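Under my numbering, the first residue of the sequence shown is numbered 561, with each subsequent residue one higher.
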Amino acid sequence: MSTERLRITKRVIDGLSADGTDRFLWDSDVLGFGLRISPAGKLVYVLQYRIEGRQRRFKIGPHGSPWTPESARSEAQSLLGKVVDGIDPQQEKFAKRKELSLADLSEIYLNETLFTAKESSVRQARNNIENHILPLLGKRRVSKIERSDIEQMLRDIAAGKTARTLKKGHRRLSRVRGGKGAANQCVTTVSAMLGVAVERKLRPDNPAIGVRKFPGKKMERFLSPAELARLGEALAAAASLGVESQYAIAALRLLVLTGCRKNEILKLKHSYIDRYHRCLRLPDSKTGAKVVHLGGPPMRIIAMVPPVEGNPYLLPGRKNGTHVTDLQAVWVRIRRTAGLDDVRIHDLRHSFASIGAATGDSMLIVGALLGHRSAKTTERYTHLSDHPLKSAAERISDEISRCLGEGLDVFAVNDATNQNPFAACWDQDADPSIPPADPVLGAVVRTKWLDTRAAAALLGFTIGTMQTYRWMGTGPAFRKIGRRVVYSADALTAWQKAQEGLNVSSAACNEAIPIRQIDS
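Rendered as structure tokens:
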């Protein structure tokens, strides 16, 4: 090994050449700082030092950007300062190489921290990690992650930078879309992972705490009495005509009558039903085991569902031993028929809670029926009842009107009927001759539904004539359930009578008005 010493400068380095041997050029200003010249002519800055009686050699970096003789000499001086303080730069470098990456931490989080969590929670966390977090931050060292990195991840996921299509098997594709909702979930997952890192003293703080997420959408949608009536009518039509699965229809009715979550009904087994105490004893749910108390209508629906021998589920699926799964497709067709295109399946749960609040039940009672752990969760549903807000708005507007001294009676109550002119659109007592229909189950026994062929036979028309009437918009009222056109027998009879009345009036007019002959 050469012991040649001189000040290492760019001019000196430019004059060096490879001679086929491994040699060192040591700096005369900083003790231990040198330049290694490999047999092939590669130049590398090094620092040789002694600590705890052992001589170590530390590789600073190759000659070239960013390492010049001046920057490498400055780095060597900084490293020697650590040696004086008893810190071994070489050991520190090895420790950094062994430091966990975020990908390594994710395995610890999924396999150890979430070991006792519900399967659905583990699946959601794994999807967030594999689809979004690892592609963006997986290689980053846990100790090097900063708040700006997490904020950038939030923006990237919301912008769709992690969106892609994955092949999951034969003719199976998984589409990762991203978006603001997924971005918020990923920040929550990263925060939980970094919380584990803090607990294990892998870093001193959690930079994900305090990261501002995108504002969430408040789904304040619930069904009014009139909308419940339309939904019941659509369910009744689908059930009486057999255009949808009877088990799917029963599932939708149970959802709105019990306030249960979708999977709590779809995965309901016969063994969970306590008919004597009129309740469901669910061994597991989103919040753990719970008891769901039932009223008379849902118990009647459960009693009417025909069981399938050998299938443990109340609502069996197409294959043996399975339950109904594709409820969304049925719901899309039913809600379109009822004119409720903006209503989700989960909004049926909202409606159950809001009706409970509107009828005077406390949050404690409603929360117990829904199986909520926290009253704050129940508030998301029960505050949807806007009757107190409407009363307050009416009092305030009346007071403002009085103060202004203006008679704002444009929409005053009708003096003759003492009713609001808009009340008839939802008042079930508007026509006392019609018995009130069950707003959820639908009046199947009162209303008979016919398809196009049966409707044409009832009126004495051909199917083509019925289609022509629909195209012209002058025929009897009809509904569409999926691709099926259905008619109410009552609507057909009423339309037929109306047509007969028009024909009689037309004939009477022709007899009363003489036809004048025009002279040529």
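Here a beta-carbon is modelled for each residue, glycine too, at the ideal position from N, C-alpha and C. Since this is a predicted model, take the numbers as computed values, not measurements.
Cβ pair residue i, residue j closer than 9 Å
{"i": "residue 776", "j": "residue 817", "result": "no"}
{"i": "residue 650", "j": "residue 701", "result": "no"}
{"i": "residue 806", "j": "residue 865", "result": "yes"}
{"i": "residue 1049", "j": "residue 1008", "result": "yes"}
{"i": "residue 898", "j": "residue 794", "result": "yes"}
{"i": "residue 908", "j": "residue 1052", "result": "no"}
{"i": "residue 621", "j": "residue 609", "result": "no"}
{"i": "residue 699", "j": "residue 677", "result": "no"}
{"i": "residue 691", "j": "residue 736", "result": "yes"}
{"i": "residue 605", "j": "residue 627", "result": "yes"}
{"i": "residue 768", "j": "residue 1041", "result": "no"}
{"i": "residue 595", "j": "residue 573", "result": "yes"}
{"i": "residue 710", "j": "residue 758", "result": "no"}
{"i": "residue 738", "j": "residue 719", "result": "yes"}
{"i": "residue 753", "j": "residue 694", "result": "no"}
{"i": "residue 696", "j": "residue 713", "result": "yes"}
{"i": "residue 632", "j": "residue 623", "result": "yes"}
Same chain only: Cβ atoms within 7 Å of residue i, ignoring 5 sequence neighbours per side
{"i": "residue 842", "result": "824, 832, 849, 850 and 852"}
{"i": "residue 993", "result": "Since pLDDT at residue 993 reaches only 39, below the 50 mark, its modelled position is unreliable, and no value is offered."}
{"i": "residue 812", "result": "795, 891 and 894"}
{"i": "residue 1023", "result": "1012, 1013 and 1016"}
{"i": "residue 668", "result": "756"}
{"i": "residue 808", "result": "884, 887 and 890"}
{"i": "residue 965", "result": "With a pLDDT of only 42 at residue 965, under 50, the local geometry of the prediction cannot be trusted, and the value read off the model is given with reservation. Excluding residues within five positions, none has a Cβ falling inside 7 Å."}
{"i": "residue 787", "result": "900"}
Proximal residues to residue i (C-beta, below 6 Å), its chain only, five neighbours per side dropped
{"i": "residue 873", "result": "829 and 883"}
{"i": "residue 682", "result": "674"}
Cut-off 8 Å between Cβ atoms - residues of its own chain near residue i, not counting five sequence neighbours on either side
{"i": "residue 578", "result": "597, 598, 599, 600 and 601"}
{"i": "residue 670", "result": "682, 685, 686 and 689"}
{"i": "residue 1027", "result": "1012"}
{"i": "residue 870", "result": "880 and 881"}
{"i": "residue 827", "result": "873 and 883"}
{"i": "residue 1077", "result": "Model confidence at residue 1077 stands at a pLDDT of 40, short of 50, so the residue's coordinates are unreliable and nothing is read from them."}
{"i": "residue 770", "result": "707"}
Which residues DSSP lists as bridging residue i, in chain order
{"i": "residue 727", "result": "733"}
{"i": "residue 1008", "result": "Answer is none; residue 1008 lacks a bridge partner."}
{"i": "residue 876", "result": "883"}
{"i": "residue 702", "result": "Looking at the DSSP assignment, residue 702 forms no beta bridge with any residue, so it has no partner."}
{"i": "residue 1047", "result": "1010"}
{"i": "residue 568", "result": "For residue 568, which the question treats as bridged, DSSP gives no partner whatsoever."}
{"i": "residue 1041", "result": "1044"}
Cβ distance (whole Å) where residue i is taken to contact residue j below 8 Å
{"i": "residue 722", "j": "residue 716", "result": "7 Å"}
{"i": "residue 1029", "j": "residue 1020", "result": "About 13 Å separates the two Cβ atoms, so there is no contact after all."}
{"i": "residue 607", "j": "residue 639", "result": "5 Å"}
{"i": "residue 1046", "j": "residue 801", "result": "6 Å"}
{"i": "residue 773", "j": "residue 744", "result": "4 Å"}
{"i": "residue 582", "j": "residue 567", "result": "Rounded, the Cβ-Cβ distance is 22 Å, inconsistent with contact."}
{"i": "residue 781", "j": "residue 903", "result": "6 Å"}
{"i": "residue 905", "j": "residue 822", "result": "6 Å"}
Please specify which runs of the alpha helix (DSSP H), each continuous and at least 4 residues long, are wholly inside the segment 595-670, giving them in chain order.
The qualifying runs are 629-644, 649-657 and 662-668.
Scan the segment 815-903 and note each continuous alpha helix (DSSP H) run of 4 residues or more that stays entirely inside, going in chain order.
Those alpha helix (DSSP H) runs which fall completely within the segment 815-903 and span 4+ residues are 822-826, 856-864 and 887-897.
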